[in-house]
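Read through the structure below, which is laid out as structure tokens, and then see the notes.
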DNA sequence: TTTTATACGGCATTTTATTGCAACTTTAAC
DNA sequence: GTTAAAGTTGCAATAAAATGCCGTATAAAA
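Right under this line is the structure:
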């Protein structure tokens with residue numbers, strides 16, 4: 018993994034949770050704590066975060082409750098959300114995954130659309146409540162602290178009982194060869210179930226994540242029907258994906 | 018927990034209550050009183066609060082963090098939460114209802130407690146995620162816009178499968194004669210199921226709601242084991258409740 | 001005054017930081 | 001293709017910080 022890529026991930030984590038522990042970062046990025054420490058120190062000197070004893074906190078840190086107001090790569094995520102909207106039809110039944118990209122997708126859903134939305138993400142569910150014509154169904158389960166999604170066997174069992182037109186999912190890492198991968202095993206179990214429950218699977222994914230991978234696999238790239246990034250569909254960074262019969266937006 | 022986070026929480030508490038005791042902070046944050054003292058001293062030297070003998074008081078009164086939380090009858094709700102905490106034991110399995118009083122109860126749960134908490138409320142679930150030793154289980158269902166709880170047949174079915182030591186519930190209206198009543202029929206269905214699922218039912222209720230009623234009934238007053246208000250247990254506004262064999266805190 | 005509760009400093013333990021160093025990788029020049 | 005220089009990474013030893021505990025000092029309360 019490149020240093021630059023790693024530092025982007027660190028910033029991403031900080032933006033997402035407002036705070037991180039160095040030990041967690043080291044484990045997640047599979048590097049020594051020394052390396053993480055050096056990275057964080059560098060980012061601190063670039064004024065991109067604030068290093069504190071044992072970890073780092075976001076510059077705009079206000080309160081733990083505000084962890085959902087995420088601004089990292091916002092423009093890209095908005096672009097993705099706009100493209101993905103084109104797939105939606107009145108009366109549709111969809112699933113929306115957790116993660117900041119999917120949250121942005123939920124936030125930008127057109128108010129006029131009448132939809133039934135399933136989700137496992139608490140922030141997504143709350144966001145969808147702002148859409149008057151959307152019926153929101155949250156699947157139950159143990160709530161994961163990190164991801165703020167319901168997970169565990171209960172959530173997966175609920176998922177096995179449903180079938181939606183479109184499943185809009187995010188991923189931690191994606192690669193044409195290894196497919197969608199994650200750092201967190203629990204999260205993978207949930208995402209697997211989402212893929213199973215969806216007639217068509219739409220991957221929402223900022224280009225930064227392309228050609229990266231991690232420990233646990235959600236699904237093969239062939240399981241994805243449509244991939245949406247902020248890049249134009251013809252961009253050469255998408256070449257390796259275009260080979261699989263995959264619709265790219 | 019990072020030192021910065023802890024100090025942030027201290028400032029939050031101070032902003033919210035204008036005055037805090039070091040002993041309370043130590044218990045809530047699960048650190049020694051020495052550490053709290055050092056933190057407070059540091060924050061004092063940064064002019065972020067004023068340290069006094071045994072505690073700290075806020076400098077100014079307006080804080081953006083406090084503005085986000087619900088402030089209606091806050092002091093009363095805090096008093097109720099503190100009283101109700103006495104019922105909790107390590108390893109307990111409880112249910113926490115939605116509503117602002119229950120949310121306050123969730124917010125003030127001591128960090129040291131190891132609990133399994135079921136809930137149908139999204140805000141309560143998110144609040145509980147801040148308690149590192151609490152396992153949070155959110156029951157699934159259609160999400161109600163106003164109450165931000167999961168409801169409908171799905172939620173009620175999940176509830177029928179569980180049995181908790183204590184169910185902490187709120188109510189819209191309560192009256193010794195008519196019991197717990199609500200304006201919203203859907204909400205009543207969920208609350209009924211909660212009462213059924215709880216070995217002991219604890220009603221958290223500000224005195225303002227006493228002796229009021231509405232259209233749909235959750236349960237009779239006899240279904241309640243313990244009632245917690247901000248009033249002293251002997252207060253004469255509680256007379257009509259004392260007649261039922263009802264534990265009053 | 002006596003009693004109780006809180007504050008403070010010193011100390012030990014644990015956790016985190018820093019530094020120097022060696023192994024390894026990449027880059028660019030020869 | 002080889003080689004040197006620069007950059008990156010992990011490890012180990014040492015330094016610093018954070019935390020809890022204890023004894024004593026000081027302040028509030030009875």
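Chains as they are written, first to last, in my numbering: chain A, 18 to 266; chain B, 18 to 266. Ideal Cβ positions, reconstructed from N, Cα and C, are used throughout, including at glycine. All of these numbers come straight from a predicted model, not from anything done at the bench.
{"query": "Three-way DSSP call (helix, strand, coil) for residue 164 of chain A in this model", "result": "coil"}
{"query": "Beta-carbon neighbours of residue 70 of chain A, restricted to chain B and to distances below 7 Å", "result": "20"}
{"query": "One or two residues paired with residue 198 of chain A in a DSSP bridge", "result": "A:190, A:234"}
{"query": "Residue 148 of chain A classed as buried or exposed, judged by whether at least 16 other C-beta atoms fall within 10 angstroms", "result": "buried"}
{"query": "Opening and closing residue of the alpha helix (DSSP H) in which residue 39 of chain A lies", "result": "39-46"}
{"query": "Sufficient close CB pairs (3 or more, under 8 Å) joining the region 69-76 of chain B to the region 152-161 of chain B", "result": "no"}
{"query": "Residue 186 of chain A versus residue 201 of chain B: straight-line alpha-carbon distance, rounded", "result": "34 Å"}
{"query": "Whole-number beta carbon distance between residue 216 of chain B and residue 245 of chain B, since they are thought to touch under 8 Å", "result": "Not confirmed; about 17 Å, so no contact."}
{"query": "Residue of A:27, A:141, A:40 minimising C-alpha distance to residue 118 of chain A", "result": "A:141"}
{"query": "Any chain B beta carbon closer than 8 Å to residue 144 of chain A", "result": "no"}
{"query": "Within-8 Å CB hit, residue 86 of chain A to chain B", "result": "Any answer about residue 86 of chain A is weak, because its pLDDT of 49 lies below 50 and its placement is not dependable; what the coordinates show is given next. Chain B, which has no Cβ nearer than 8 Å to the Cβ of residue 86 of chain A, makes this no."}
{"query": "Local Cβ density within 10 Å of residue 190 of chain A, reported as buried at 16 or more and exposed below that", "result": "buried"}
{"query": "Residue nearest to residue 94 of chain B in terms of C-alpha spacing, selected from B:56, B:257, B:223, B:24", "result": "B:223"}
{"query": "Interface residues of chain B facing residue 156 of chain A [CB-CB closer than 8 Å]", "result": "157"}
{"query": "Backbone secondary structure at residue 169 of chain B - three-state DSSP", "result": "helix"}
{"query": "Test: residue 167 of chain A CB closer than 8 Å to a CB of chain B", "result": "yes"}
{"query": "8 Å Cβ cutoff, residue 254 of chain B in contact with chain A", "result": "no"}
{"query": "Chain B within 8 Å of residue 139 of chain A, Cβ atoms only", "result": "yes"}
{"query": "Any C-beta of chain A under 8 Å from that of residue 160 of chain B", "result": "yes"}
{"query": "Cβ contact check for the region 104-116 of chain A and the region 125-143 of chain A: 3 or more pairs under 8 Å", "result": "yes"}
{"query": "First and last residue of the uninterrupted beta strand (DSSP E) at residue 136 of chain A", "result": "132-136"}
{"query": "Same chain, Cβ closer than 6 Å to residue 257 of chain A, five either side skipped, listed in chain order", "result": "193"}
{"query": "Residue(s) in a DSSP beta bridge with residue 185 of chain B", "result": "B:113, B:219"}
{"query": "Straight-line Cα distance separating residue 105 of chain A from residue 116 of chain A", "result": "20 Å"}
{"query": "Cutoff 8 Å: residue 110 of chain A Cβ touching any chain B Cβ", "result": "no"}
{"query": "C-alpha distance - residue 60 of chain B paired with residue 60 of chain A, whole-angstrom precision", "result": "26 Å"}
{"query": "Of the residues A:46, A:33, A:38, the one placed nearest residue 21 of chain A, counting alpha carbons only", "result": "A:46"}
{"query": "Exposure label - residue 30 of chain A; buried when at least 16 CB within 10 Å", "result": "buried"}
{"query": "Burial state of residue 124 of chain B, where buried means 16 or more other Cβ atoms lie within 10 Å", "result": "buried"}
{"query": "Residue 207 of chain A and residue 172 of chain A closer than 8 Å at C-beta", "result": "yes"}
{"query": "Interface flag, residue 94 of chain B vs chain A, CB-CB below 8 Å", "result": "no"}
{"query": "Residue span of the alpha helix (DSSP H) that contains residue 23 of chain B, given as start and end", "result": "20-34"}
{"query": "Cβ-based neighbour list, residue 36 of chain B, same chain, cut-off 7 Å, excluding 5 preceding and 5 following", "result": "72, 74"}
{"query": "Residue 246 of chain A in three-state terms, based on DSSP", "result": "coil"}
{"query": "Under the three-state DSSP convention, the category residue 80 of chain A falls into", "result": "Low confidence applies here, because residue 80 of chain A scores a pLDDT of 42, under 50, leaving its location unreliable and the question unanswered by this model."}
{"query": "Through-space distance from residue 26 of chain B to residue 251 of chain A, alpha-carbon basis", "result": "49 Å"}
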